[in-house]
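Notes to accompany the following structure.
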Amino acid sequence: MGSTQESGTEGGVLTESLVVFLIISVVCVAGGLGVVFSRNVIHATFLLLVSLMGVAGIFLLLLAEFLALVQVLIYGGAITIVVLFVIMLTKSDEFESLVDNSQKPLAFLISIGLFVVMTVAAIAADNGNTVRASLKFSDLGHSLFTDWAIPFEVASLVLLVALIGAIVISKQGEEE
Amino acid sequence: MSIEELTVNYTAVVIAAIAGFGAMAIMFGASYILAPKRRSELKDMPYECGIPPSPYSWSQLHVRYYIFAILFLIFDIEAVFLFPWALIFVNAIDAVFYEMLIFIAILFFGLMYGWKKGVLQWR
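Residue numbers (the numbering used here), protein chains in the order written: chain Z, 1 to 176; chain U, 177 to 299.
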């Protein structure tokens, strides 16, 4: 989260942002820890929602309103729903082994490694002079639908592939 | 948008959020304080229209319902892209308008495919 550091702005604004950032961070990290330590997968999903909403707050603090909207609508709304569906698709007796399994040490190592890499990257990154700047929604639209029109259309193809893939897989489940 | 504008725009959102969580906390808190607590095994049973609940609370859903979650996710993503598009397409070049039509048409094809395959039937 190194990009939230800033300098060169008025002291008052900096402190207010910092206070809000700290509150949001606590919510995010608490939600994340809840996901990891919760013994109930459904509770873990809702705690994940708390964490994702916190990330939306951080996006807002970075003046990235569109990303905050995406975070709330897609991650908070749809992804959480999909996760809940997937949990309900599994058999309940599979959970005993899923909550605590042999991959735990490996997962722990990878998480620590990822944390170290991201922390080092955040500290090493030279963002001393970055000033938060926002993009107007309409400018974002113009850029998305003119300069980035092809990637935008490709995105719809990717979504189509995901949809047809899901249909084919669920049809296979039907035949069994 | 500057940080001052952000503060102005989202103060209402924060107040609404605090009011919402506060109302919930008050309701839960009040029922916790006011409700008489005489627990019994019968009362702790989940209420299921008066019928004793079946032994397994966790029933496995059929994989065919997963498609509804995926459909929701995909059309949610489409809706998100509609927001910036709706702001600009009137004043932008014509291509912008048709781009979104193509985008929707591609996803609509997926929906039609699913419909044809009968995945939209709720059984």
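For each residue, glycine too, the CB sits at the ideal point set by N, CA and C. All values derive from a computational prediction rather than experimental measurement.
Distance, Cα to Cα, residue i vs residue j?
i	j	result
L114/Z	F108/Z	10 Å
Y241/U	V27/Z	32 Å
D220/U	K104/Z	35 Å
K293/U	V82/Z	21 Å
I58/Z	L218/U	46 Å
E153/Z	L258/U	13 Å
Can a CB atom of chain U be found closer than 8 Å to the CB of residue i?
i	result
V82/Z	yes
A30/Z	no
F152/Z	yes
A162/Z	yes
I167/Z	yes
F85/Z	yes
S17/Z	yes
L89/Z	yes
S156/Z	yes
K171/Z	yes
L159/Z	yes
A107/Z	no
A44/Z	no
Is it buried or exposed for residue i, if we count other Cβ within 10 angstroms and need 16 for buried?
i	result
Q236/U	exposed
Y208/U	exposed
A166/Z	buried
V189/U	exposed
I123/Z	exposed
V19/Z	exposed
L296/U	exposed
T9/Z	The predicted position of T9/Z is uncertain, since its pLDDT is 48 and thus under 50; a value taken from the coordinates is nonetheless stated next. Result: exposed.
W291/U	exposed
P260/U	buried
V272/U	buried
S178/U	exposed
Q201/Z	This structure gives no information on residue 201/Z, because the portion of chain Z shown stretches from 1 to 176.
Would residue i pass as an interface residue toward chain Z - the criterion being a Cβ-Cβ separation below 8 Å?
i	result
D252/U	yes
L283/U	yes
I191/U	no
Y274/U	no
R240/U	yes
F259/U	yes
L277/U	no
F204/U	no
Q297/U	no
I246/U	yes
K293/U	yes
Y289/U	yes
Practice task
Taking a Cβ distance cut-off of 8 Å, strictly less, list which residues of the segment 116-148 of chain Z are near chain U, in chain order.
Solution key: R132, S134, K136, F137, S138, L140, G141, H142, L144, F145 and T146
Exercise for the section: With 9 Å as the limit, tell me which residues of the segment 57-76 of chain Z have their beta carbon closer than that to any beta carbon of chain U; keep them in chain order. Expected result: L60, L61, L63, E65, F66, L69, V70, L73 and I74
Exercise for the section: Could you tell me whether the segment 238-253 of chain U touches the segment 154-164 of chain Z, using the rule of 3 or more Cβ pairs below 8 Å? Expected result: yes
Practice task
Assess, as a yes-or-no matter, whether the segment 32-43 of chain Z is touched by the segment 59-78 of chain Z under the definition of 3 or more beta carbon pairs within less than 8 Å.
Solution key: no
Practice task
Mind the definition here: the segment 263-282 of chain U touches the segment 141-150 of chain Z only if three or more C-beta pairs lie below 8 Å; say whether that holds.
Solution key: yes
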